[in-house]
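If you want my numbering, it's the position in the sequence shown, counting the first as 1, plus 219. Ideal placement from N, C-alpha and C gives every residue a C-beta, glycine not left out. The next block holds one structure in the form of structure tokens; read it before the comments.
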Amino acid sequence: MNLVLSDNTFKALRDYIYELTGIYINDAKKYFIENRLQNRIKECRKDSFDDYLSYIKSSSGSGELINLYNAITTNETYFFREQEQLYVCVQNVISQLKQKKTRIKIWSAACSTGEEIYTIAILLLESGISSSIELIASDISLAALESAKRGIYNSYSVRNVPTSLMQKYFKKIDNQFYQICDQIKKMVAFHHINLIKSSETRKICNVDILFCRNVLIYFDDKAKQRAVANLYDSLATGGFLFLSLSESLHNVTRAFKPFIINRVVTYQKV
220 MNLVLSDNTF KALRDYIYEL TGIYINDAKK YFIENRLQNR IKECRKDSFD
270 DYLSYIKSSS GSGELINLYN AITTNETYFF REQEQLYVCV QNVISQLKQK
320 KTRIKIWSAA CSTGEEIYTI AILLLESGIS SSIELIASDI SLAALESAKR
370 GIYNSYSVRN VPTSLMQKYF KKIDNQFYQI CDQIKKMVAF HHINLIKSSE
420 TRKICNVDIL FCRNVLIYFD DKAKQRAVAN LYDSLATGGF LFLSLSESLH
470 NVTRAFKPFI INRVVTYQKV
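Structure representation (structure tokens):
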């Protein structure tokens, strides 16, 4: 029998999630929280949503926060997503940075299950410039990070990968799943990072290219400003920030200078 989430408890739980993660859950998503947390409450042997909220706020329940993050985050992504940005990064931005630097650091700041950072790694190898580039990826979800480290994907995730690259960098392990090769996996260092906590984001510094795509859409304006300020601090002077094609820094910050390269918008820390 499913537990019922009252309006008052939903608001209290939503506010606590927002305080911890910056993710804002509007009233229309009450059903989402109610469905996603049913199993967690049962696993923790709690009798209600109120009991679960009290538990995660207590010192004894702090370890449950990781499971909470895993339950509420959406990890929908795929290889070569918004690929025009990726090609601008590899073919234009990196070339520009290489005129001033011998080594470049790229950070995928909400990597989910790894498709974005692994796509970048593939493009770097194909361009012959991977040896001078450090790749970092992070996410708030430990489950997503573990999945990224395994590097096993279904046919939906790899549907945009060119056939030649599929044959070169993936191994089919059954009729529906594909494993990315060890050469690609070894290129990436994964970290558990909450983007609204400066104590965590400051662990990654002097970044030259930062991807934070399809993340800010889950934040309200206040949380966006906190996250973007943290990302700004992690970027090296002259570094570039890529958001998704549907996002912008309008009404968030004026600290970055926007650039349009081949009709792709990117933001530079100047």
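Straight-line Cα distance separating residue j from residue i
i      : j      : result
Ser360 : Ala367 : 11 Å
Glu419 : Phe478 : 28 Å
Asn227 : Ser278 : 23 Å
Gln318 : Phe438 : 36 Å
Phe461 : Glu238 : 25 Å
Tyr271 : Leu232 : 9 Å
Tyr288 : Val447 : 20 Å
Glu253 : Asn379 : 34 Å
Gln310 : Lys230 : 46 Å
Tyr451 : Ile285 : 26 Å
Exposure label - residue i; buried when at least 16 CB within 10 Å
i      : result
Val223 : exposed
Gly282 : exposed
Glu334 : buried
Ile392 : exposed
Thr321 : exposed
Asp358 : buried
Gln304 : buried
Lys276 : exposed
Ile436 : exposed
Tyr250 : exposed
Ser351 : exposed
Whole-angstrom C-beta distance between residue j and residue i, which should lie under 8 Å
i      : j      : result
Ala328 : Val407 : With 8 Å as the limit, Ala328 and Val407 do not qualify as a contact, their Cβ atoms being about 13 Å apart.
Gly370 : Gln398 : 6 Å
Phe459 : Ile428 : 5 Å
Leu364 : Phe409 : 5 Å
Val471 : Lys443 : 5 Å
Leu316 : Ile323 : 5 Å
Val377 : Thr485 : Rounded, the Cβ-Cβ distance is 26 Å, inconsistent with contact.
Asn413 : Thr240 : 6 Å
Arg445 : Ile480 : Not really, about 28 Å apart at Cβ, beyond 8 Å.
Ser417 : Asn373 : Actually they are not in contact, since the Cβ atoms of Ser417 and Asn373 sit about 36 Å apart, beyond 8 Å.
Gly457 : Val489 : 7 Å
Ser463 : Asn433 : 5 Å
Strand pairing of residue i, partner residues [DSSP]
i      : result
Thr485 : Phe478
Leu354 : Ile325, Val407
Val426 : Leu454
Leu232 : Leu232 is not bridged to any residue.
Lys390 : Gln398
Asn373 : Phe396
Phe459 : Ile428, Gln487
Thr242 : Reading off the sequence shown, one finds Ile at residue 242, where the question assumed Thr. According to DSSP, Ile242 bridges with Phe438.
Cβ of residue i within 8 Å of any chain E Cβ
i      : result
Lys324 : Any reference to chain E falls outside this structure, which holds one protein chain only.
For this session: Report yes or no: do three or more beta-carbon pairs, one from the region 321-340 and one from the region 400-412, lie closer than 8 Å?
Result: These segments touch.
For this session: Count the CB pairs spanning the region 257-270 and the region 415-430 that are closer than 8 Å, and state whether there are at least three.
Result: With a cut-off of 8 Å, the region 415-430 and the region 257-270 do not count as touching, because too few Cβ pairs lie within range.
Exercise. How do the region 289-302 and the region 375-389 stand: do at least 3 beta-carbon pairs fall below 8 Å, yes or no?
Worked result: The region 375-389 and the region 289-302 touch, with three or more beta-carbon pairs separated by less than 8 Å.
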